[in-house]
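Colleague: Mind looking over this structure? Questions follow.
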Amino acid sequence: MPKSFKLYINSIRNYKLKLAFVLGNTSFMLVFTILLQYTSIIRFDETEFYKLFAIATHDILKIDNKSAFDSTIFIDVSKDPEIVDDSSFNYGKVVITDRHVLADFFSTLNQHPNEYKYVFCDISFDYNSPNDPALKLQIEKNENLIISASFKDNKVVKPIFNVPYGCVDYTLNKGSFIKMPLFYDDSTKSLPVKLAEYTTINRYTHRHGLTFMNNRLSFNTVVPEFYYRRADLITIGTSKSKIQNLYYLGELLTIPDYFNKFLKNKFIIMGDFSTDNHATFLGPMPGALILFDTYLTLKGKPIVISWVWLTLLFLIFFTISYFIFIHPEQKFEKLHIKTKLPVLESYLKKYVSYLGIFSVINIISYLFFREFISLFFLATYLTFLELLIEKRGNYLKSKNFLTFIKEEYI
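Per this note's numbering, the sequence shown starts with residue 4, numbered consecutively.
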């Protein structure tokens, strides 16, 4: 067999091997990206991206999709406390929302069925009160209501009333909220998901560790678009140019015919808007507002894992892997030379190049698919991978790891 033909055969074999590495690396990056988005893990690059994107769209460009703004009313229950004994957990005295005031409110709602849209009640009815019978009679009659339930120690703290509920647990985010799980386990749905099922045709299921929306594979977390923020909660006297939309429950009940004046045809959001605050990438935010924003995001954001999005990522990751394994001489950092940007040396030069590439990819991905992909994790991985391939020949020549380190880096 001619030597040239043998070289040709070997080149084909080497090319097939390199192509296998390309496909393997592409698949790894694709799966890794999906897993990062699927879990509740919070990353610095993700937080900063969402923060900058929110500021750019909502504060600079003024692209506010407040789809329910004119048909929403917020009711603050923080000024209506009731103190009860907690004999079950031995916490002593605990503060809850006044059951009598709530009973009066739901009694009014029950007198006007089908004249309001829905009641989103971010109040956890975990503790008993001597005044429970009055509230139980009224709240269990309401057919357009959902309340919150705590999810503690991997189990649901069920409400004392027989009403629809969804679970809430902010502790998964370690003090700073960014992602809301759709499911806490195979059967426990978060409050925004339950509300979305009650008010839309979408149905969510979780089986074998995977989440589905209408039987289509979906992510298990959602990052809310903060359409409504604290500045959008207008109380009396706080703004002359905006219509009041936040009322204290006890004060609202004293207004004659308050239902027809303020609640008719409205989406009613109830909760503690004064003290129940949680840290977010846009600053402190009331829990009820976070939940409502998450619900609105679920209605408008495609959490289904799109085949178009996966195909786009596959092509991008394949192209990057192709140049790393098959044409390593065509380095990505040469893009900086073409664009006349400052060039850093060695590792930083490669790292910054990948950060720039993934920043552009992220902008495209979020604008069209509302999905973020990792910046620092993928950039770090690809930088080390490229360095390993680049230095592989020198390592084989040295035949000694210590000699290689001394020659290359000392």
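A virtual CB, placed ideally from N, CA and C, is assigned to each residue, including glycine. Here the structure is a predicted model, which is why all the values come from computation and not from measurement.
1. Could you check if Q114 is buried or exposed, using at least 16 other CB atoms within 10 Å of its CB as the buried criterion?
2. By alpha-carbon positions, which one of I319, V97 and T75 ends up nearest to Q247?
3. Could you compute how far the alpha carbon of I86 sits from the alpha carbon of T100?
4. Keeping to the same chain, check which residues put their C-beta closer than 7 Å to that of N217; ignore five residues upstream and five downstream.
5. What residues are listed by DSSP as bridge partners for M288?
6. Which full runs of the beta strand (DSSP E) of 3+ residues lie inside the stretch 224 to 280, going along the chain?
7. Taking the alpha carbon of W312 as the point to measure from, which residue in L26, I376 and I149 has its own alpha carbon closest?
8. Measuring only the C-alpha atoms, how far is F35 from F380?
9. According to the Cβ coordinates, are D83 and G253 closer than 8 Å?
10. Rounded to whole angstroms, what is the Cα-Cα separation between I366 and E374?
11. If I follow the unbroken alpha helix (DSSP H) through S324, where does it start and stop?
12. Does the beta-carbon of S221 have 16 or more other beta-carbons within 10 angstroms, so that it is buried, or is it exposed?
13. If you draw a straight line from the alpha carbon of Y468 to that of S193, how long is it in whole angstroms?
14. Within 10 Å of its beta-carbon, does A152 have 16 or more other beta-carbons around it, so buried, or fewer, so exposed?
15. Should H103 go down as buried or exposed, given a rule of 16 or more other Cβ atoms within 10 Å for buried?
16. Quick one: measure Cβ to Cβ for V196 and L294, integer angstroms, because I've assumed they're closer than 8 Å.
17. How many Å lie between F215 and V363 at the Cα?
18. For the stretch 222 to 238 against the stretch 254 to 262, are there 3 or more C-beta pairs whose distance is under 8 Å?
19. Pick helix, strand or coil for Y168, following the three-state DSSP scheme.
20. Provide the residue(s) that pair with E85 in DSSP beta bridges, ordered along the chain.
21. Out of I360, F186, F372 and Y369, which one is the CA nearest neighbour of T383?
Modeller: Straight from the coordinates:
1. exposed
2. T75
3. 8 Å
4. N205 and R206
5. H281
6. 249 to 251 and 270 to 274
7. I376
8. 10 Å
9. yes
10. 9 Å
11. W310 to F328
12. buried
13. This structure leaves residue 468 out entirely; the chain is present only between 4 and 413.
14. buried
15. exposed
16. Not confirmed; about 11 Å, so no contact.
17. 29 Å
18. no
19. strand
20. I99
21. I360
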